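Enquirer: Okay, so the sequence shown: first residue is 431 according to the numbering used here, each after it adds one.
The C-beta atom is built at its ideal place from N, Cα and C for all residues, glycine as well.
Predicted model, so just to flag it, every value in this text is computed and none were measured.
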Amino acid sequence: MSLSTLLARRLLFTVGKGGVGRTTVTLALALEAARQGKRVLVIELEGARGLERAYRALAHGRESSRLLGRISYLAVDGKAALEEYLVMIIPVRRLLQTIFDSAVYQYFVAAAPGLKELMTVGKIWFEADRSGSGAEDAPDIVLVDGPATGHSLQYLRMPQAAFEAFPVGLVHREAERVLGLLRDPVATAIVVVSTAEEMPVNETLEIFGGLEGLGLSVGTLVVNQVHDAPCARAPLDLLGGDVGRAGDAPDDILFDEAVRRAREEAGWAGINDVQIGRLQEAVRAPLARLPYLFCEEFGGDHLATLAGVLRAELGREGP
Ligand SMILES: Nc1ncnc2c1ncn2[C@@H]1O[C@H](COP(=O)(O)OP(=O)(O)OP(=O)(O)O)[C@@H](O)[C@H]1O
Ligand SMILES: [Mg+2]
Numbered sequence: 431m432s433l434s435t436l437l438a439r440r441l442l443f444t445v446g447k448g449g450v451g452r453t454t455v456t457l458a459l460a461l462e463a464a465r466q467g468k469r470v471l472v473i474e475l476e477g478a479r480g481l482e483r484a485y486r487a488l489a490h491g492r493e494s495s496r497l498l499g500r501i502s503y504l505a506v507d508g509k510a511a512l513e514e515y516l517v518m519i520i521p522v523r524r525l526l527q528t529i530f531d532s533a534v535y536q537y538f539v540a541a542a543p544g545l546k547e548l549m550t551v552g553k554i555w556f557e558a559d560r561s562g563s564g565a566e567d568a569p570d571i572v573l574v575d576g577p578a579t580g581h582s583l584q585y586l587r588m589p590q591a592a593f594e595a596f597p598v599g600l601v602h603r604e605a606e607r608v609l610g611l612l613r614d615p616v617a618t619a620i621v622v623v624s625t626a627e628e629m630p631v632n633e634t635l636e637i638f639g640g641l642e643g644l645g646l647s648v649g650t651l652v653v654n655q656v657h658d659a660p661c662a663r664a665p666l667d668l669l670g671g672d673v674g675r676a677g678d679a680p681d682d683i684l685f686d687e688a689v690r691r692a693r694e695e696a697g698w699a700g701i702n703d704v705q706i707g708r709l710q711e712a713v714r715a716p717l718a719r720l721p722y723l724f725c726e727e728f729g730g731d732h733l734a735t736l737a738g739v740l741r742a743e744l745g746r747e748g749p
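1. Please return the same chain residues whose Cβ sits closer than 6 Å to the Cβ of Trp698, not counting the five positions on each side in sequence.
2. Nearest-angstrom Cα distance between Phe593 and Leu723?
3. To test your reading of the DSSP string, which unbroken alpha helix (DSSP H) runs of 4 or more residues are found completely within the region 569 to 642?
4. In the DSSP output, what is Ser495 paired with across the bridge?
5. With distances taken from each beta carbon to the nearest heavy atom of ligand 2, which residues come in below 7 Å, in chain order?
6. Take the Cβ of Pro749 as the centre, count every other Cβ of all protein chains shown within 10 Å, and call the residue buried at 16 or more, exposed below.
7. Which of the three DSSP states, helix, strand or coil, is assigned to Lys447?
8. Mark Gly448 as exposed unless 16 or more other C-beta atoms lie within 10 angstroms of its C-beta, in which case mark it buried.
9. Out of Arg708, Gly491, Ser495 and Val551, which has the shortest C-alpha to C-alpha gap to Lys509?
10. I'd like to confirm something about Leu720: is its beta-carbon nearer than 6 Å to some heavy atom of ligand 1, or not?
11. Pick helix, strand or coil for Tyr722, following the three-state DSSP scheme.
12. Give every residue of the same chain whose Cβ lies closer than 7 Å to the Cβ of Arg663, excluding the five residues on either side of it in the sequence, and list them in chain order.
13. Determine, using beta-carbon pairs with one atom in the region 612 to 622 and one in the region 643 to 655, whether at least three such pairs fall under 8 Å.
14. Between Ala626, Arg440 and Ala742, which has its C-alpha nearest Ile706's C-alpha?
15. Gln536 lies in the alpha helix (DSSP H); which residues open and close that run?
16. Could you tell me the alpha carbon to alpha carbon distance between Gly451 and Asn654, rounded to whole angstroms?
17. If you draw a straight line from the alpha carbon of Asp575 to that of Ala742, how long is it in whole angstroms?
18. What number of angstroms, rounded off, separates the C-alpha of Met629 from the C-alpha of Val598?
19. What distance in whole Å lies between the Cβ atoms of Leu609 and Pro589, which are believed to be in contact at a cut-off of 8 Å?
20. When you compare the CB positions of Ile501 and Val470, do they come within less than 7 Å of one another, or not?
21. Taking the alpha helix (DSSP H) that Ala484 belongs to, which residues open and close that run?
22. Could you pull the DSSP bridge partners for Glu474 from this structure?
23. Regarding Gly449 and ligand 1, is the C-beta to nearest heavy atom distance less than 6 Å?
24. Okay, do the region 487 to 503 and the region 721 to 739 touch, 3+ Cβ pairs below 8 Å being the bar?
25. Looking at Gly738: is its Cβ nearer than 7 Å to the Cβ of Ser624?
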């Protein structure tokens with residue numbers, strides 16, 4: 431699947447282990463969609479603020495600041511989404527206020543299992559559904575920066591659970607509509623993000639199993655923070671094991687440090703190769719590699735660089 435085909439979807443949901451780069455990949459995809467002229471809505475869920483921080487940093491990059499006008503940010507909170515939904519279906523204000531203020535309602539929201547997750551997915555559905563409506567202020571694509579693995583799967587599982595738990599009625603019908611969107615491979619794709627290290631790869635393979643069980647299709651597997659060997663290992667080894675001797679001249683210390691870092695990079699590149707091999711063997715989805723970018727502060731320009739790599743990795747079809 432080319433990047434343009436992926437971005438032709440109305441809804442992309444980024445899933446992956448904590449810290450692998452879900453937020454980074456979500457925003458790199460957002461920049462690419464914006465570069466293609468799309469209006470983009472990026473969403474993060476329940477109390478997470480990583481996307482908001484990174485989104486604000488887009489203003490400081492040369493290319494990203496140019497594209498920022500097409501990208502908007504939304505934090506979705508289950509309780510607020512429920513209240514918004516009730517406002518839509520119960521037009522009587524006084525009655526609503528009474529419901530919201532009641533202890534029973536507060537208890538229900540706090541205790542009903544999965545309710546907040548269900549409402550959150552419902553709100554995402556609402557935004558993604560608008561994106562197909564062609565309305566002037568509607569986004570063309572919605573990108574959700576999902577929480578870490580288990581929690582993301584919990585969100586994605588909720589419509590199916592509600593659909594089964596309520597065999598008839600409003601919740602059943604709403605859940606069916608949400609499921610219809612999530613399971614439509616033309617409208618929705620999951621973007622799985624991993625790093626090429628053993629534990630994240632183990633978890634990524636579990637994610638694929640979980641998504642398959644939910645009938646959800648993976649658009650792309652993005653392997654982030656891939657290290658590149660600066661040169662073959664053999665010449666580095668020829669330099670001997672005596673780097674870092676005390677009392678070296680400053681030039682030697684610098685040289686030693688460079689050799690040490692080169693060996694470290696070669697080591698990581700080797701690990702990354704092995705783990706990418708594991709992923710390629712087990713996973714059929716298209717795979718894109720993003721390099722580890724060395725920088726003091728990761729910002730909009732780095733995200734734009736990663737967007738360019740995604741373009742190259744996933745083929746250049748489209749605009
Ligand atoms: N390709 C990369 N090269 C260098 N640094 C990166 C790269 N991708 C992500 N990072 C950095 O790694 C850190 C984690 O990335 P990010 O916040 O995108 O991960 P996450 O999966 O969203 O994490 P969390 O689970 O905390 O939400 C950030 O500081 C980010 O700037
Ligand atoms: Mg994040």
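Expert: Let's see:
1. In the sequence shown, the residue the question calls residue 698 occupies position 268. Taken in chain order, the residues that qualify are His657.
2. The residue given as residue 593 occupies position 163 in the sequence shown. The residue given as residue 723 occupies position 293 in the sequence shown. A straight line joining the alpha-carbon of Phe593 with that of Leu723 spans about 43 Å.
3. Taking only runs of at least 4 residues, the alpha helix (DSSP H) segments lying wholly in the region 569 to 642 are 579 to 595 and 600 to 612.
4. Counting from 1 along the sequence shown, the entry for residue 495 is found at position 65. As far as DSSP is concerned, Ser495 takes part in no beta bridge.
5. Taking each Cβ in turn, the ones that pass are Arg452, Thr453, Ala478, Gly480, Leu481 and Asp575.
6. Working through the sequence shown from its first residue, we reach residue 749 at position 319. Annotation note: pLDDT 48 at Pro749 (below 50); position unreliable, coordinate value reported separately. Counting Cβ neighbours within 10 Å, Pro749 comes out exposed, since fewer than 16 surround it.
7. Here residue 447 is taken as the residue at index 17 of the sequence shown, counted from 1. Three-state result, Lys447: coil.
8. Position 18 of the sequence shown, counted from the start, is the residue given in the question as residue 448. Flag for Gly448 reads exposed.
9. In the sequence shown, counting from the first residue as 1, residue 509 sits at position 79. Closest by alpha carbon: Val551.
10. Counting from 1 along the sequence shown, the entry for residue 720 is found at position 290. Checking the Cβ of Leu720 against ligand 1 gives yes.
11. To locate residue 722, count along the sequence shown from 1; it is residue 292. Correct three-state label for Tyr722: coil.
12. By 1-based counting over the sequence shown, the position of residue 663 is 233. The answer, listed in chain order, is Ala696.
13. Taking a cut-off of 8 Å on C-beta distances, the region 612 to 622 touches the region 643 to 655, as three or more cross pairs fall below it.
14. In the sequence shown, the residue the question calls residue 706 occupies position 276. Nearest option by C-alpha distance: Ala626.
15. Sequence index remark: in the sequence shown, residue 536 carries index 106 (1-based). First-last of the alpha helix (DSSP H) with Gln536: Ala533 to Ala541.
16. Locating residue 451 in the sequence shown gives position 21, where the first residue counts as 1. Locating residue 654 in the sequence shown gives position 224, where the first residue counts as 1. Whole-angstrom Cα-Cα distance: 7 Å.
17. Residue mapping note: residue 575 aligns to position 145 of the sequence shown, counting from 1. Residue mapping note: residue 742 aligns to position 312 of the sequence shown, counting from 1. Here the alpha carbon of Asp575 sits roughly 22 Å from the alpha carbon of Ala742.
18. Counted from its first residue, the sequence shown places residue 629 at position 199. Counted from its first residue, the sequence shown places residue 598 at position 168. For Met629 and Val598, the distance between alpha carbons rounds to 42 Å.
19. To locate residue 589, count along the sequence shown from 1; it is residue 159. To locate residue 609, count along the sequence shown from 1; it is residue 179. So it is a contact: roughly 5 Å between Cβ atoms.
20. Taking the first residue of the sequence shown as 1, we reach residue 501 at position 71. Taking the first residue of the sequence shown as 1, we reach residue 470 at position 40. Yes, Cβ-Cβ distance for Ile501 and Val470 is below 7 Å.
21. Indexing the sequence shown from 1 puts residue 484 at position 54. Segment Gly480 to Ala487, the alpha helix (DSSP H) holding Ala484.
22. Taking the sequence shown and counting its residues from 1, one reaches residue 474 at position 44. Glu474 has Ala505 and Asp575 as its beta-bridge partners, per DSSP.
23. For this step, residue 449 is matched to residue 19 along the sequence shown. Checking the Cβ of Gly449 against ligand 1 gives yes.
24. Judged by Cβ distances under 8 Å, the region 487 to 503 makes contact with the region 721 to 739, as three or more pairs qualify.
25. The residue given as residue 738 occupies position 308 in the sequence shown. The residue given as residue 624 occupies position 194 in the sequence shown. Taking 7 Å as the Cβ cut-off, Gly738 and Ser624 do not qualify as a contacting pair.
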